[in-house]
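Each residue of the sequence shown is one higher than the one before, starting from 101 at the first, in my numbering.
Even for Gly, the Cβ is constructed at its ideal location relative to N, Cα and C.
Notes follow the structure.
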Amino acid sequence: MRTSDVLSGVPGLTVEQKEKIAAVSKNIQLLADLGYSDIVVYCRVEGGVLVVAAARPNTASSFHPEGIVGQIFKEAPLAVTKAFKNGAFSTKKSIGGDGEEIEVAAIPIRLDDVVIAVMAKEWRLRENWRPSEMEQMYIEAADDLMAMIGAGVDMGIGFPSSKEAGDGLIRIDPNGIITYASPNAVTIYRRLGVEGTLPGQSIYMIGLNESPVSSAMEDRIAVSSEITEKGMTVAKRAISLIENDRLKGVVAIVGDVTDVRAREQQLKIKEATIREIHHRVKNNLQTIASLLRLQSRRMTTPEAQQALMESVGRISSIAVIHEILSQTGSGTLDFKEIATNINKMIQTGLVQPDKLITIATRGSAGKIPSPMATALALILTELVQNAVEHAFEERTTGKIVITLKRRGNMLTMEVSDNGSGLPENFELNNYGNLGMKIVHTLVSDELGGSWEIAGGNGTKVVVRVPVVQ
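In structure tokens:
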């Protein structure tokens with residue numbers, strides 16, 4: 101569950117209090133990763149304490165199961181209970197849900213001097229464990245940030261996580277002097293051409309763009325940006341550390357995202373190329389359709405003209421697919437949009453000027469894969485063309501309705517008209533119309549579906565096909 105959803109159901113909290121808890125909770129993943137611990141935010145409710153936010157560390161094992169947000173516990177860890185009661189930082193040993201002994205550090209979250217929640221840092225006690233210098237610096241950074249939260253200092257923007265593979269940490273004092281750099285941070289700065297040992301150097305004198313750190317120093321805010329220089333793209337996230345309303349320093353988290361951004365750029369180029377190909381295919385198909393349309397005007401027999409115009413419709417329906425693909429570049433398409441475009445095309449190109457025949461589309465089929473959309477577009481074209489040509493031969497007005505339905509993975513397309521209906525003794529298997537043969541092949545062989553046709557007050561064709569993603 102989302103924190104906002106859980107908070108919306110907590111009685112007794114004002115809108116401002118809920119906003120404060122949500123703002124604090126947006127950085128708990130950062131704290132969990134830096135502190136090698138679970139971070140849990142509790143609110144008091146009737147019957148115990150409610151977990152409104154929780155983060156499991158990516159850097160250590162968690163003893164909390166996933167999905168505890170929204171759960172009510174009758175008893176909170178002792179440190180959490182004391183923090184609620186005394187309104188002060190508390191640390192106590194406790195027993196976790198799996199029976200293991202854990203350490204809990206709890207900090208009250210206040211608004212206008214009222215304790216509205218408690219944030220707890222919870223971690224397993226490990227015998228004979230001595231954290232390395234890097235681990236100790238990460239833990240200290242997490243503790244400093246939690247102390248800021250306890251003092252009511254807003255960390256600013258939310259960082260979803262901190263410790264992706266390859267990320268490094270830098271501590272900087274109020275004068276801009278680097279006091280610590282993790283091995284990963286040193287490696288990244290080496291690649292950027294920084295020589296010598298980082299600790300002891302001024303962050304402003306190493307010859308790189310350190311605007312996030314400068315902004316965090318000067319404005320006392322959290323800053324996140326990506327900087328490209330010297331052939332690398334580096335994600336830099338800087339958080340000012342405030343203690344007793346004074347700047348204590350800055351924690352900076354750096355990560356080399358050069359390869360990630362290069363892959364994203366390659367993907368954008370590939371997508372643009374594919375869209376351009378679809379655009380050119382669409383243009384070529386439209387050119388072919390135009391040539392066939394010109395040729396049909398030179399035909400002296402109605403049968404030849406009709407055959408060429410049917411081919412124009414088939415080619416144009418495929419062009420509609422490529423037109424949409426050239427705009428979206430997506431492998432899935434909204435078939436209602438396709439059906440609407442095909443109907444407009446047939447209305448303009450096939451309906452005779454002296455007849456008033458309307459073509460409407462109802463319902464929705466959702467998004468379907470482009471190969472399936474192409475086959476369905478051809479099926480729809482054949483059915484609508486057939487209705488336009490044969491249903492209203494002795495009438496000047498009529499209506500054709502396409503109804504789309506989607507239930508789970510089954511798509512149903514109905515094409516109905518209020519025309520003259522089917523001929524007497526009509527047998528689909530004996531019907532030699534090329535268009536119906538195309539429909540049968542596409543529905544049965546290409547899409548693995550079924551179809552049926554019925555007469556009465558007009559004609560209705562029902563096509564059912566499975567949607568295979």
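C-alpha gap between residue i and residue j, whole angstroms
i, j, result
"arginine 380", "threonine 432", "19 Å"
"arginine 271", "valine 351", "5 Å"
"alanine 338", "glutamate 326", "12 Å"
"phenylalanine 435", "threonine 496", "30 Å"
"valine 132", "valine 568", "Checking the displayed sequence, the identity of residue 132 turns out to be alanine instead of valine. In a straight line, the C-alpha of alanine 132 is about 41 Å away from that of valine 568."
"threonine 512", "leucine 522", "21 Å"
"asparagine 509", "glycine 548", "13 Å"
"valine 145", "leucine 178", "16 Å"
"asparagine 459", "glutamate 166", "According to the sequence provided, residue 459 is isoleucine. The question's asparagine does not apply to it. Approximately 53 Å between the Cα atoms of the pair."
"isoleucine 216", "proline 299", "40 Å"
"isoleucine 321", "methionine 101", "29 Å"
"aspartate 138", "serine 340", "23 Å"
"valine 218", "glycine 355", "31 Å"
"arginine 156", "glutamate 227", "21 Å"
"serine 125", "alanine 154", "8 Å"
"valine 561", "glutamine 395", "31 Å"
"glutamate 423", "threonine 328", "36 Å"
"alanine 439", "leucine 425", "14 Å"
"isoleucine 249", "leucine 367", "40 Å"
"leucine 134", "alanine 242", "5 Å"
Outcome for residue i when other beta-carbon atoms lying within 10 angstroms are tallied against a minimum of 16
i, result
"proline 85", "What the structure shows of the chain is the stretch from 101 to 569, and residue 85 is not part of that stretch, so it cannot be assessed."
"glutamine 117", "buried"
"aspartate 454", "exposed"
"glutamine 365", "exposed"
"leucine 225", "exposed"
"alanine 183", "buried"
"leucine 456", "exposed"
"threonine 481", "buried"
"methionine 317", "buried"
"aspartate 267", "buried"
"glycine 555", "exposed"
"glutamine 129", "buried"
"threonine 181", "buried"
"glycine 519", "buried"
"proline 260", "Confidence is the limiting factor: at proline 260 the pLDDT is only 49, short of 50, which leaves the residue's position unreliable and the question unanswerable from this model."
"serine 516", "buried"
"serine 194", "buried"
"arginine 398", "exposed"
"threonine 559", "buried"
"tryptophan 551", "buried"
Endpoints, beta strand (DSSP E) assigned at residue i
i, result
"leucine 150", "148 to 155"
"glutamate 326", "323 to 329"
"isoleucine 500", "497 to 507"
"serine 194", "190 to 195"
"aspartate 356", "346 to 356"
"lysine 126", "Looking at the DSSP string, lysine 126 is not in any beta strand (DSSP E), and its letter there is neither H nor E."
"valine 543", "Element bounds for valine 543: n/a, residue is neither H nor E."
"isoleucine 339", "332 to 343"
"valine 579", "Residue 579 lies beyond the stretch modelled for the chain, which goes from 101 to 569, so this question has no answer here."
"threonine 512", "510 to 517"
"valine 140", "138 to 145"
"proline 566", "559 to 566"
"serine 550", "550 to 554"
Nearest-angstrom beta carbon gap, residue j and residue i [assumed within contact, 8 Å]
i, j, result
"leucine 292", "lysine 330", "5 Å"
"asparagine 443", "threonine 461", "6 Å"
"isoleucine 207", "methionine 246", "5 Å"
"alanine 419", "leucine 385", "4 Å"
"leucine 478", "isoleucine 538", "7 Å"
Range covered by the alpha helix (DSSP H) that runs through residue i
i, result
"serine 108", "103 to 108"
"lysine 185", "178 to 186"
"valine 319", "At residue 319 the sequence reads aspartate, which differs from the valine that was named. That run of the alpha helix (DSSP H) goes 311 to 319."
"glutamate 482", "470 to 490"
Residue i CB to nearest heavy atom of the ligand ADP below 7 Å
i, result
"glycine 413", "Absence of the ligand ADP is noted for the structure shown, with no ligands found whatsoever."
Continuous alpha helix (DSSP H) assignments of at least 4 residues falling wholly in the region 206 to 291: 233 to 250 and 283 to 291
What are the complete beta strand (DSSP E) segments, minimum 3 residues, inside the region 417 to 468? 432 to 434 and 456 to 463
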